[in-house]
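The opening residue of the sequence shown carries number 4 in the numbering used here; numbering runs sequentially from there.
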Amino acid sequence: MIGNRDIFLDRTDVSKFSFQLNHCGIQECTPGYSYHIDSRPYHLIHFVLEGNGFFESGHRLIHIHAGQAFYIPAGVSARYYASLTDPWKYGWIGFYSNTANPFLTLLFGDENVISFQMPIGEVEKSLLSIISVTDSRIADYSQYDKSVFPGEQFTNILKLSDSLRVNSRMLDFFSVLLRFQIPEDSVNPRNDPPALQAKAYLDAHFNEPVRMQDVAASLNIHPNYLCAVFKKTYGQTPSDYLRSIRMAQASMLLLLTDHSVSMIAGSLGYANPFQFSAVFKSYYGLSPTAYRKKG
Numbered sequence: 004m005i006g007n008r009d010i011f012l013d014r015t016d017v018s019k020f021s022f023q024l025n026h027c028g029i030q031e032c033t034p035g036y037s038y039h040i041d042s043r044p045y046h047l048i049h050f051v052l053e054g055n056g057f058f059e060s061g062h063r064l065i066h067i068h069a070g071q072a073f074y075i076p077a078g079v080s081a082r083y084y085a086s087l088t089d090p091w092k093y094g095w096i097g098f099y100s101n102t103a104n105p106f107l108t109l110l111f112g113d114e115n116v117i118s119f120q121m122p123i124g125e126v127e128k129s130l131l132s133i134i135s136v137t138d139s140r141i142a143d144y145s146q147y148d149k150s151v152f153p154g155e156q157f158t159n160i161l162k163l164s165d166s167l168r169v170n171s172r173m174l175d176f177f178s179v180l181l182r183f184q185i186p187e188d189s190v191n192p193r194n195d196p197p198a199l200q201a202k203a204y205l206d207a208h209f210n211e212p213v214r215m216q217d218v219a220a221s222l223n224i225h226p227n228y229l230c231a232v233f234k235k236t237y238g239q240t241p242s243d244y245l246r247s248i249r250m251a252q253a254s255m256l257l258l259l260t261d262h263s264v265s266m267i268a269g270s271l272g273y274a275n276p277f278q279f280s281a282v283f284k285s286y287y288g289l290s291p292t293a294y295r296k297k298g
């Protein structure tokens, strides 16, 4: 057998890792050009490719130059201005995603502005690649030139296949961007903090009998320390996290299959179906049988 497993995935909330492109573009601004964006349901990242300007969010006014990116979270309004003497050219991607998406956390942390490490030319090529899905003329260009594409020339994504292609190219761009931004050894699971390693262990073994001392032993740390760092990182104990994974799976199995309660209990690491039923009732307020009947 050969395969792989995603240890970064939160199996209790897979939507946390989802991305859906809303729009992508590149603009070469005139001196002093300003733009105000109201609160909207999608995230925006702007990549400054040339020149400089200012980004205003809340009560902060930040000078931004080529090689930097600024992030406007969903639900936040902002304004940005091109320099009067060296106006910027920037590209942007608007996308729908969970605010807690680890990509956003890894890339920006608690900041709204970063200096990106990916070469500027490669960033621009990646953005053009996304746009070229619906405008084949752009495939021949490695840089945007407003004299070649004057005015506003937006093309709509009209086919599902094109929707998948633009999302594929966006995700590929994000993966390369992150690889440049974050040193490889800092995201190597073997060097990850104990809490993340423990979470990966629980994600992989939730369907087996699991004892916290076994998890701690696999990481060569004391169970009490494991509990403390896990709770500090994720806001719950490892036992609570394991229970949430199992209960989410139990709910799905009860509603989508006709497996017996004892079979479901065994498939989730419970040797005793009565223990499983007690945990399920304390979690959902209904017994597994009543939960299934309620639908």
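All residues carry an ideal CB built from backbone N, CA and C; glycine is no exception.
Computed from a predicted structure; not experimentally measured.
Starting from residue i, follow the alpha helix (DSSP H) in both directions and report where the run begins and ends.
{"i": "V126", "result": "I123 to S135"}
{"i": "Y287", "result": "P276 to Y287"}
{"i": "V169", "result": "L163 to Q184"}
{"i": "Y84", "result": "Careful: Y84 lies outside any alpha helix (DSSP H), inside the beta strand (DSSP E) at A81 to A85."}
{"i": "S265", "result": "V264 to S270"}
{"i": "A253", "result": "P241 to L259"}
{"i": "D206", "result": "P197 to H208"}
{"i": "A77", "result": "Here A77 belongs to no alpha helix (DSSP H), and DSSP marks it neither H nor E."}
{"i": "R295", "result": "P291 to K297"}
{"i": "T108", "result": "P105 to F111"}
Would you list the one or two residues that DSSP bridges to residue i?
{"i": "W95", "result": "G28 and H49"}
{"i": "N55", "result": "H68 and P90"}
{"i": "Q216", "result": "Paired residues: none, contrary to the question."}
{"i": "S60", "result": "R63"}
{"i": "F22", "result": "S100"}
Am I right that residue i and residue j are in contact with their C-beta atoms under 8 Å? What's the rounded C-beta distance?
{"i": "G110", "j": "C27", "result": "The sequence shown places Leu at residue 110, not Gly. Actually they are not in contact, since the Cβ atoms of L110 and C27 sit about 17 Å apart, beyond 8 Å."}
{"i": "L271", "j": "N210", "result": "6 Å"}
{"i": "Q48", "j": "W91", "result": "Sequence inspection shows Ile at residue 48; the Gln mentioned does not correspond to that position. At roughly 15 Å, the Cβ-Cβ gap does not stay under 8 Å, so I48 and W91 are not in contact."}
{"i": "I40", "j": "S60", "result": "That belief does not hold up - the Cβ atoms of I40 and S60 are roughly 10 Å apart, past 8 Å."}
{"i": "Y237", "j": "K202", "result": "7 Å"}
{"i": "V169", "j": "I133", "result": "5 Å"}
{"i": "S42", "j": "S80", "result": "5 Å"}
{"i": "L163", "j": "F22", "result": "About 16 Å; that fails the 8 Å criterion."}
{"i": "L256", "j": "V213", "result": "Not quite, the Cβ-Cβ distance comes to about 18 Å (not below 8 Å), so this is no contact."}
{"i": "Q184", "j": "F233", "result": "Their Cβ separation, rounded to whole angstroms, is 26 Å, which puts Q184 and F233 out of contact at 8 Å."}
{"i": "Y45", "j": "Y93", "result": "About 17 Å; that fails the 8 Å criterion."}
Over what stretch of residues does the beta strand (DSSP E) that includes residue i continue unbroken?
{"i": "V232", "result": "Per DSSP, V232 belongs to no beta strand (DSSP E); it is in the alpha helix (DSSP H), P226 to Y237."}
{"i": "H39", "result": "S37 to I40"}
{"i": "V116", "result": "V116 to S118"}
| task | Evaluate the contact criterion for the segment 64 to 72 versus the segment 40 to 55: three or more CB pairs, one atom per stretch, below 8 Å. | result | Look at the beta carbons and you see the segment 64 to 72 touching the segment 40 to 55: at least three pairs across the two are nearer than 8 Å.
| query | Are there three or more Cβ pairs, one per stretch, closer than 8 Å when the segment 215 to 233 is compared with the segment 281 to 293? | reply | No: the two stretches stay apart, fewer than three of their Cβ pairs being nearer than 8 Å.
| When the Cβ atoms of the segment 120 to 129 are set against those of the segment 78 to 91, are three or more pairs found closer than 8 Å? | Counting Cβ pairs under 8 Å, fewer than three are found: no touch.
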